[in-house]
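Residue numbers 15 to 115, in this note's numbering, belong to the letters of the sequence shown in order. Glycine included, C-beta positions come from ideal geometry on N, C-alpha and C.
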Amino acid sequence: MNLQAFLVVAAALVSVGLFGALTQQSIVMLMMGLELLLNGVILGAAAFWYFLAPAGTEGQVLIVIVVTAMAIEMAAGFAVTTAIYRAKRIDMTDDAAELRG
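As structure tokens, then:
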């Protein structure tokens with residue numbers, strides 16, 4: 015596989031993730047779209063590092079740190095979503111907007 019193939023897959027993931035994040039009203043589906051979007055960005059960055067500087071380990075370390083941070087962020091987001099659903103039975107973004115103030 016070459017760099018272009020990885021970048022096409024990364025662009026597809028970003029496109030599907032952006033579409034999912036912008037069109038979904040369910041909080042869980044919105045978070046899944048954001049996850050796909052971030053995975054596409056990570057795949058593109060990893061592909062660039064692999065093909066442009068294969069001997070360097072900085073890219074690999076950065077990718078591991080970003081994936082770890084993304085997993086923690088998603089876990090916290092799902093925890094907040096679960097807490098909101100249990101307290102108010104709200105699972106849509108429009109309904110969650112009413113929780114302000």
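Could you pull out every residue in the same chain whose Cβ sits closer than 8 Å to the Cβ of residue i, ignoring the five residues on either side in sequence?
| i | result |
| --- | --- |
| Met106 | Gln39, Ser40 and Ile41 |
With distances taken between CB atoms, is the gap from residue i to residue j smaller than 9 Å?
| i | j | result |
| --- | --- | --- |
| Leu76 | Ala59 | yes |
| Leu51 | Leu66 | no |
| Ala35 | Leu48 | yes |
Spell out the partners DSSP gives residue i in its beta bridges.
| i | result |
| --- | --- |
| Met45 | In DSSP, Met45 forms no bridge with anything. |
| Met106 | Ser40 |
Which same chain residues, not among the five before or five after residue i, have their C-beta less than 6 Å away from its C-beta?
| i | result |
| --- | --- |
| Asn53 | Leu27 |
| Thr95 | Ile41 |
Going along the chain, which residues of its own chain have a beta-carbon closer than 7 Å to the beta-carbon of residue i, five neighbours each way excluded?
| i | result |
| --- | --- |
| Leu44 | Ala35, Gln38 and Thr107 |
| Leu17 | Ala61 and Phe65 |
| Met88 | Met45 and Glu49 |
Starting from the Cα of residue i, find the closest Cα among the options and give me that residue.
| i | options | result |
| --- | --- | --- |
| Met84 | Ala69, Val22 and Val55 | Val55 |
| Val30 | Met46, Met15 and Ala19 | Met46 |
| Leu57 | Phe20, Ala111, Tyr99 and Ala69 | Phe20 |
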